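Asker: There's a structure below that I have some questions on.
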Amino acid sequence: MYTSLDSPPQLTGWTVSGGDPCAESWKGVTCEGSAVVSIEISGLGLNGTMGYALSSFLSLKKLDMSDNNIHDAIPYQLPPNLTSLNMAKNSLIGNLPYSFSTMASLNYLNMSHNLLSQVIGDVFTNLTTLETLDLSFNNFTGDLPKSLGTLSNVSSLFLQNNGLTGSLNILIDLPLTTLNVANNNFSGWIPQELKSVENFIYDGNTFDNSPAPPPPPFTPPPPGRSRNSPKHPGSSGGTHTAPSSEGSSSHSNKGLPVLAIVGIVLGAIIFVLIVLVAFAVCFQKRKRKNIGLRASSGRLSIGTSVNAEVQEHRVKSVAAVADIKPLPAEKMNPERLQAKNGSVKRIKAPITATSYTVASLQTATNSFSQECIVGEGSLGRVYRAEFPNGKTMAIKKIDNSALSLQEEDNFLEAVSNMSRLRHTNIVTLNGYCAEHGQRLLVYEFIGHGSLHDMLHFAEESSKTLTWNARVRVALGTARALEYLHEVCLPSVVHRNLKTANILLDEDLNPHLSDCGLAALTPNTERQISTQMVGSFGYSAPEFALSGIYTVKSDVYSFGVVMLELLTGRKPLDSSRVRSEQSLVRWATPQLHDIDALAKMVDPTLNGMYPAKSLSRFADIIALCVQPEPEFRPPMSEVVQALVRLVQRASVVKRHSSDESGFSYKTPEHDAVELPF
């Protein structure tokens, strides 16, 4: 968090690494014993972002970062046991993350006075203890979500100064004492139940102040006999069918048909409206079905075009550690989508990345000199850039001849989408340049090299990749893919997952690069083959057969990455005997053979790994590299399996050199919670 906030001097006592916040009295931090239970750092003029590792604060009850200048999106993983979260008066953008629905202990939530936007998702399910909710002074639009009506304990609700529409009917059963919906676009009649709320402010809307219409008049049932049936002098219905005088019977004879006609007309109108609404709903559902798009209002809105033919039904995963479940497709707002040429495209969103000039990037890279090159891919070279403020960035200079994009607007749309990807295990896009015919992307610099280099080229470095480090790399990469597949809307398919695109920082944490670059597709078959030649050993069978690439293809590629971590071998290696040149073909038949598995393990590990952990690691690989896509698990299940693998590891004594707490030479004991 300290680093995400740009290491501000206002936070006295805080350090980038090491230190004890409880023993050293860090500013704003309150502890109970050795557990951090409260962080209150409001009004300190802080900049930066909230950070993306907050879910590890398991004991944190109160987080108050209000009245600062914190920007960017709200991270989708937050401290799970918070009772109070106050982020008011900052510059947060995007939407409310679906992870709010997992914070069952929350009783105070204040996100007011920010730049939050879009339709509010159904993120309030399970928040039965929430008493105060403040979303005022943002840019929210659309109708109120249904889950807002499940806040059975809420007493104060502030929604003023947004662009919300529709009615307030969803709120009528809430135990409100304070309700402010002023300055929105609500319409219709104000429910009578809300008029009795003690502090109810509703100015600045388009409510209908006339009396609400009465319910449709009652239409009497038809008589029990036909008009031509014989009269029975004593029957109660006789005067309605054959009056014999001009008096009161005549008056009744005039009044009843009028009511009946009014009832029939109103009933017919209501029936027609219901039919029209039903038709519209069916049409929209059919339209969504045709474009094959799963949606989730709690997932990050991403505008990347997705081929409709390759989208598939996601398998619903069970809840577990770090699992964010997508919402059903009915929650999608179809008005925010545009269909064109078989693709689904999100309406343009503002670019959150910084715009750079070509001149500034030339200066930072010494005119893109050879000495600054740190990598090269199918889309162009990557340069190390040193900026005057002391920051180091990575510049990807895109070769325009390798792209199908001909219009600058399309490039900017791709930049907008990529800049909104926010995850601790994904390389962040900080900026871009689109001038003088140049297209460049500015990324955060991850300076410890790639996983590919660590495994295959650096003899000394490979020795630092202990079994614990390899499991951590696998888990971090899996979480990045889970975010792309199951949190982003629509799902982001990586298409080029390989160890060369997994960058490692100085702590050996993985950062997945090239996320979202699939939108910048090559424009010739030659370039397609050029792009994929370096990734061929990672490509799923269905891609080779049909050219179709889906999220399940990414899962296959991830299985190959895990095989590399296990064996230390390359996916394709022509220097080996023919039967061992393809890593998947050679390794897959042996994954369930304990003796064969022990012989497959990377020899640089020197036998330092727990046998049970190795076996479970191999089981996950076997699932991921299934030949049929439908049998491969979703990434959320892969994450759960890796977390369980870590949690089952025996921990007796944690040494400083043992990253994840595995024990090699002691019997198994009860698993303890580990910071994965």
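Numbering (my numbering), first residue to last: 657 to 1332. Note that CB positions come from ideal geometry on N, CA and C, so glycine has one too. These numbers come from a predicted model, not from an experiment.
How about glutamine 733 and serine 711: do their beta carbons lie closer than 7 Å?
Answerer: As a position in the sequence shown, residue 733 is number 77, starting the count at 1. As a position in the sequence shown, residue 711 is number 55, starting the count at 1. Closer than 7 Å, so yes.
Asker: For leucine 700 and proline 1285, what's the separation of their Cα atoms in angstroms?
Answerer: For the purposes of this step, residue 700 is taken as the residue at position 44 of the sequence shown. For the purposes of this step, residue 1285 is taken as the residue at position 629 of the sequence shown. Cα to Cα, the separation comes out at about 51 Å.
Asker: Should arginine 942 go down as buried or exposed, given a rule of 16 or more other Cβ atoms within 10 Å for buried?
Answerer: Looking up residue 942 in the sequence shown gives position 286. Only weak support is given to the placement of arginine 942: the predicted model assigns it a pLDDT of 49, under 50, and the value that follows is read from those uncertain coordinates. Arginine 942 comes out exposed.
Asker: Mind checking if leucine 791 is an interface residue toward chain B, Cβ cutoff 7 Å exclusive?
Answerer: Any reference to chain B falls outside this structure, which holds one protein chain only.
Asker: Provide the residue span of the alpha helix (DSSP H) that contains leucine 1201, from first to last.
Answerer: Counting from 1 along the sequence shown, the entry for residue 1201 is found at position 545. 1197-1202 is the extent of the alpha helix (DSSP H) around leucine 1201.
Asker: What three-state label does DSSP hand tyrosine 1194 in the structure shown?
Answerer: As a working mapping, residue 1194 is identified with position 538 in the sequence shown. Three-state result, tyrosine 1194: helix.
Asker: Per the DSSP calculation, proline 1166 is bridged to which residue(s)?
Answerer: As a position in the sequence shown, residue 1166 is number 510, starting the count at 1. Bridge partners of proline 1166: Leu1160.
Asker: Can you name the start and end residues of the beta strand (DSSP E) that serine 843 belongs to?
Answerer: Residue 843 sits at position 187 when you count from the first residue of the sequence shown. Residues 841-844.
Asker: Beta-carbon separation of tyrosine 1012 and valine 933 under 7 Å?
Answerer: Start at 1 with the first residue of the sequence shown, and residue 1012 comes out as number 356. Start at 1 with the first residue of the sequence shown, and residue 933 comes out as number 277. No, they are not a contact pair.
Asker: Can you tell me where the alpha helix (DSSP H) holding threonine 821 begins and where it ends?
Answerer: By 1-based counting over the sequence shown, the position of residue 821 is 165. Per DSSP, threonine 821 belongs to no alpha helix (DSSP H); it is in the beta strand (DSSP E), 819-822.
Asker: Helix or strand or just coil, what does DSSP make of glycine 798?
Answerer: To locate residue 798, count along the sequence shown from 1; it is residue 142. Glycine 798 falls in the strand class under three-state DSSP.
Asker: If you draw a straight line from the alpha carbon of isoleucine 749 to that of alanine 1254, how long is it in whole angstroms?
Answerer: On the sequence shown, position 93 is the one that residue 749 refers to. On the sequence shown, position 598 is the one that residue 1254 refers to. Cα-Cα distance, rounded: 49 Å.
Asker: In chain order, what residues of the same chain have a beta carbon less than 8 Å from the beta carbon of proline 677, not counting five sequence neighbours either side?
Answerer: In the sequence shown, residue 677 corresponds to position 21, counting from 1. Contacts found: Gly669, Trp670, Val685, Cys687, Val692.
Asker: For proline 1273, name the three-state secondary structure that DSSP assigns.
Answerer: By one-based count along the sequence shown, residue 1273 stands at place 617. It is worth fixing the name first, because residue 1273 is phenylalanine in this sequence and not proline. Note: phenylalanine 1273 maps to helix in three-state DSSP.
Asker: Can you give me the Cβ contacts of methionine 1256 inside the same chain, cut-off strictly under 8 Å, excluding the 5 residues immediately before and after it?
Answerer: Here residue 1256 corresponds to residue number 600 of the sequence shown, with the count starting at 1. Excluding sequence neighbours, methionine 1256 sits near Leu1222, Thr1223, Ala1243, Gln1246.
Asker: Can you give me the C-alpha to C-alpha distance between asparagine 809 and threonine 1019, rounded to a whole angstrom?
Answerer: Sequence index remark: in the sequence shown, residue 809 carries index 153 (1-based). Sequence index remark: in the sequence shown, residue 1019 carries index 363 (1-based). Distance between the alpha carbons of asparagine 809 and threonine 1019 is about 58 Å.
Asker: How would you call valine 921, buried or exposed, if buried means at least 16 neighbouring beta carbons within 10 angstroms?
Answerer: On the sequence shown, position 265 is the one that residue 921 refers to. Valine 921 comes out exposed.
Asker: Looking at the structure shown, is cysteine 1280 part of a helix, part of a strand, or coil, going by DSSP?
Answerer: Mapped onto the sequence shown, residue 1280 falls at position 624. The answer is helix: DSSP assigns cysteine 1280 an H, G or I state.
Asker: Would you call the region 735-745 and the region 760-771 touching, i.e. three or more CB-CB distances under 8 Å?
Answerer: Yes, since at least three Cβ pairs between the region 735-745 and the region 760-771 fall closer than 8 Å, the two stretches touch.
Asker: Under 6 Å Cβ to Cβ from proline 1197, same chain only, skipping five residues before and after it: list those, please.
Answerer: As a first step, residue 1197 is located in the sequence shown; it is residue number 541 there, counting from the start. These residues qualify, in order along the chain: Pro1283.
Asker: Let me confirm a value: glutamine 1026 is counted as buried when at least 16 other C-beta atoms fall within 10 Å, else exposed. Which label applies?
Answerer: On the sequence shown, position 370 is the one that residue 1026 refers to. The residue in question, glutamine 1026, is exposed, as its Cβ has fewer than 16 Cβ neighbours within 10 Å.
Asker: DSSP beta-bridge partners for alanine 1294?
Answerer: As a working mapping, residue 1294 is identified with position 638 in the sequence shown. Sequence inspection shows valine at residue 1294; the alanine mentioned does not correspond to that position. In DSSP, valine 1294 forms no bridge with anything.
Asker: Looking only at its own chain, which residues have a Cβ that is under 8 Å from the Cβ of asparagine 817, when we skip the five neighbours before and after it?
Answerer: Counting from one through the sequence shown, the residue named residue 817 turns up at place 161. Correct list, in chain order: Ser792, Phe793, Asn794, Ala838, Asn839, Asn840.
Asker: Could you round the C-beta distance between leucine 1228 and serine 1238 to whole angstroms and report it? I think they count as a contact, below 8 Å.
Answerer: In the sequence shown, counting from the first residue as 1, residue 1228 sits at position 572. In the sequence shown, counting from the first residue as 1, residue 1238 sits at position 582. At roughly 6 Å, the Cβ-Cβ gap stays under 8 Å, so leucine 1228 and serine 1238 are in contact.
Asker: Given a threshold of 16 other Cβ atoms within 10 Å of its Cβ, counted over all protein chains shown, does arginine 1234 qualify as buried or as exposed?
Answerer: What you label residue 1234 is simply residue 578 of the sequence shown in a count that begins at 1. It is exposed - the Cβ of arginine 1234 has fewer than 16 other Cβ atoms within 10 Å.
Asker: Tell me, to the nearest whole angstrom, how far the beta carbon of histidine 603 is from that of asparagine 1081; I am working on the premise that it is less than 8 Å.
Answerer: The question about residue 603 has no answer, for the chain in this structure spans 657 to 1332.
Asker: When you compare only the Cα positions, how much space is there between glutamate 1171 and leucine 1137?
Answerer: The residue given as residue 1171 occupies position 515 in the sequence shown. The residue given as residue 1137 occupies position 481 in the sequence shown. The displayed chain sequence assigns cysteine, not glutamate, to residue 1171. Distance between the alpha carbons of cysteine 1171 and leucine 1137: 9 Å.
Asker: Using DSSP with H/G/I as helix, E/B as strand and the rest coil, what is glutamine 1026?
Answerer: Residue mapping note: residue 1026 aligns to position 370 of the sequence shown, counting from 1. Glutamine 1026 falls in the helix class under three-state DSSP.
Asker: Apart from the five residues just before and just after threonine 834, which ones in its own chain have a Cβ nearer than 6 Å to its Cβ?
Answerer: In the sequence shown, residue 834 corresponds to position 178, counting from 1. Around threonine 834: Ser812, Asn855.
Asker: I need the DSSP call for lysine 1255, collapsed to helix, strand or coil.
Answerer: Here residue 1255 refers to the residue found at position 599 of the sequence shown. Looking at lysine 1255 - three-state DSSP - the assignment turns out to be helix.
Asker: Going by DSSP, what residue range makes up the beta strand (DSSP E) through methionine 1049?
Answerer: Taking the sequence shown and counting its residues from 1, one reaches residue 1049 at position 393. Per DSSP, methionine 1049 belongs to the beta strand (DSSP E) from 1048-1054.
Asker: Answer with buried or exposed for serine 1185, where buried requires no fewer than 16 other C-beta atoms within 10 angstroms of its C-beta.
Answerer: Walking along the sequence shown from the start, residue 1185 turns up at place 529. Confidence at serine 1185 is low in this model, with a pLDDT of 40, below 50, so its placement is unreliable and the value that follows should be read with caution. So serine 1185 ends up on the exposed side.
Asker: Report yes if the CB atom of glutamate 1069 is closer than 7 Å to the CB atom of asparagine 1086, and no otherwise.
Answerer: Residue numbering aside, residue 1069 sits at position 413 when the sequence shown is read from its first letter. Residue numbering aside, residue 1086 sits at position 430 when the sequence shown is read from its first letter. No, the pair does not count as a contact, with Cβ atoms beyond the cut-off.
Asker: Where do the N-terminal and C-terminal ends of the alpha helix (DSSP H) with aspartate 1109 fall, by residue?
Answerer: Locating residue 1109 in the sequence shown gives position 453, counting from the first residue. Segment 1107-1112, the alpha helix (DSSP H) holding aspartate 1109.
Asker: Assign phenylalanine 1287 to buried or exposed, taking buried as 16 or more other Cβ atoms, counted over all protein chains shown, within 10 Å of its Cβ.
Answerer: For this step, residue 1287 is matched to residue 631 along the sequence shown. Per the 10 Å Cβ criterion, exposed.
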